[in-house]
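Residue numbering for the sequence shown follows full-length UniProt numbering, starting at 1 and increasing by one per position.
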Amino acid sequence: MPFLLNRFLKESSLKHNEAVAIQQRIDALRINLVPKSIISCWVYVAKTMKTVFNKEFTSDSYKELQQYLEEEFSILPKVFANFINLPNIHVNMHLLMHAKTFGTLTNTQVGIKEMVHRIFKGMVPKMNCKNIDLDLLKRYNTIFAIRHLVDGGIDPRFNRPCTGFTNLGQLFLNWYVTEDKYSIEEQAQNDDAEVTSPVNFISNISLKKKMPKEDRNNLLLTLQHDFKTELFLSYVDMKFEMALINSSTSWYKLASYTIEEKNSVLSKVHLYLGDFVTIYEKDHEESYAIIKGIF
Numbered sequence: 001m002p003f004l005l006n007r008f009l010k011e012s013s014l015k016h017n018e019a020v021a022i023q024q025r026i027d028a029l030r031i032n033l034v035p036k037s038i039i040s041c042w043v044y045v046a047k048t049m050k051t052v053f054n055k056e057f058t059s060d061s062y063k064e065l066q067q068y069l070e071e072e073f074s075i076l077p078k079v080f081a082n083f084i085n086l087p088n089i090h091v092n093m094h095l096l097m098h099a100k101t102f103g104t105l106t107n108t109q110v111g112i113k114e115m116v117h118r119i120f121k122g123m124v125p126k127m128n129c130k131n132i133d134l135d136l137l138k139r140y141n142t143i144f145a146i147r148h149l150v151d152g153g154i155d156p157r158f159n160r161p162c163t164g165f166t167n168l169g170q171l172f173l174n175w176y177v178t179e180d181k182y183s184i185e186e187q188a189q190n191d192d193a194e195v196t197s198p199v200n201f202i203s204n205i206s207l208k209k210k211m212p213k214e215d216r217n218n219l220l221l222t223l224q225h226d227f228k229t230e231l232f233l234s235y236v237d238m239k240f241e242m243a244l245i246n247s248s249t250s251w252y253k254l255a256s257y258t259i260e261e262k263n264s265v266l267s268k269v270h271l272y273l274g275d276f277v278t279i280y281e282k283d284h285e286e287s288y289a290i291i292k293g294i295f
């Protein structure tokens with residue numbers, strides 16, 4: 001790019017008003033210096049790209065990359081004012097850290113850049129249309145301040161740590177990830193119910209998250225037959241007449257149980273409203289059903 005521009009880019013190639021604007025931003029004494037500044041800008045970009053795609057990095061290479069990134073970040077917005085609002089120019093400032101972390105940028109720079117870009121987009125919507133320096137600066141300062149306080153207020157610029165925040169780190173201790181879909185607080189409010197299994201190969205039956213009364217009533221209205229009559233006939237057919245002692249039913253959104261499969265393998269099963277399940281009809285043919293209610 002710099003070689004091509006050097007061959008044909010002249011003052012007459014630029015619109016006069018744009019050339020004047022660039023001259024003012026770069027503080028050039030004469031307008032005929034503007035083409036040279038544009039060429040110089042792309043020279044910095046080319047040097048930066050060459051360094052970014054080095055297959056090997058040394059201590060001097062890291063310093064060289066930092067210098068080129070800073071020079072590129074400085075000159076690009078002067079020549080092209082709108083570049084300051086583009087996320088890529090801010091993302092590029094992270095390349096030095098990624099190079100030191102992964103040893104090279106040949107295979108990582110694109111993926112890492114896109115991840116950082118996605119994080120920025122989540123922080124500041126419509127970031128291509130606004131000045132995002134202040135937005136990102138707020139978040140950087142907040143994150144660094146939290147990390148500083150959690151570390152006990154340690155700062156290499158001072159001889160002793162700050163003792164006013166020594167207990168703040170305790171707030172971030174003992175955090176862990178649970179396997180269950182619901183948090184402990186949600187489980188406490190779910191009115192869980194334990195159910196006795198009628199067969200030996202199914203155990204640990206648990207019903208969770210009661211269905212709201214309005215949803216239950218709407219579901220019953222969609223049934224073609226009387227629900228209690230159908231339930232009675234089902235229990236009689238399965239020879240579970242003892243279950244008919246309880247005339248009231250409770251409705252839930254989630255059911256889980258443990259089933260013992262072949263070779264004594266235990267499997268945990270979770271069923272949710274709206275799930276598709278496989279069933280076997282009277283003629284022993286396999287069919288499918290949608291779970292509309294759990295009771």
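All C-beta atoms, glycine included, are put in the ideal place defined by N, C-alpha and C.
Here L86 is actually not in contact with F53; their C-beta atoms are around 21 Å apart, not less than 8 Å. Assignment of I279 by DSSP, reduced to helix, strand and coil, places it in the strand class. Nearest to K292 by alpha-carbon distance, out of S59, Y252, T196, is Y252. The way I'd put it, the segment 255-273 does touch the segment 202-219; three or more beta-carbon pairs between them come closer than 8 Å. In its chain, beyond the 5 residues on either side, I291 have a beta carbon closer than 7 Å to the beta carbon of D275. Here the segment 34-52 makes contact with the segment 65-74; the two share three or more CB pairs at distances below 8 Å. For S197, the CB contacts under 6 Å within the same chain, skipping 5 residues up- and downstream, are S203, I205 in chain order. The segment 74-82 and the segment 32-49 touch, with three or more beta-carbon pairs separated by less than 8 Å. Pairing T222 with F295 gives a Cβ-Cβ distance that is not under 8 Å. Using a 10 angstroms sphere on the CB of V34, the tally of other CB atoms reaches 16 or more, which defines it as buried. For I75, the uninterrupted alpha helix (DSSP H) run begins and ends at 59-79, by DSSP. Looking only at A99, L9, K228, E230, the smallest Cα-Cα distance to K63 is reached by A99.
Proximity to K209 across L271, Y280, E281 peaks at L271, based on C-alpha coordinates. Within the DSSP secondary-structure output, T258 pairs in a beta bridge with S203, K268. Taking the Cα of L14 as reference, the smallest distance to any Cα among T229, R25, I31 is reached at I31. In this structure I22 is buried. Its beta-carbon is surrounded by 16 or more other beta-carbon atoms within 10 angstroms. Collapsing the DSSP output to three states places S287 in a strand. Assigned with DSSP and collapsed to three states, K292 falls in coil, not helix or strand.
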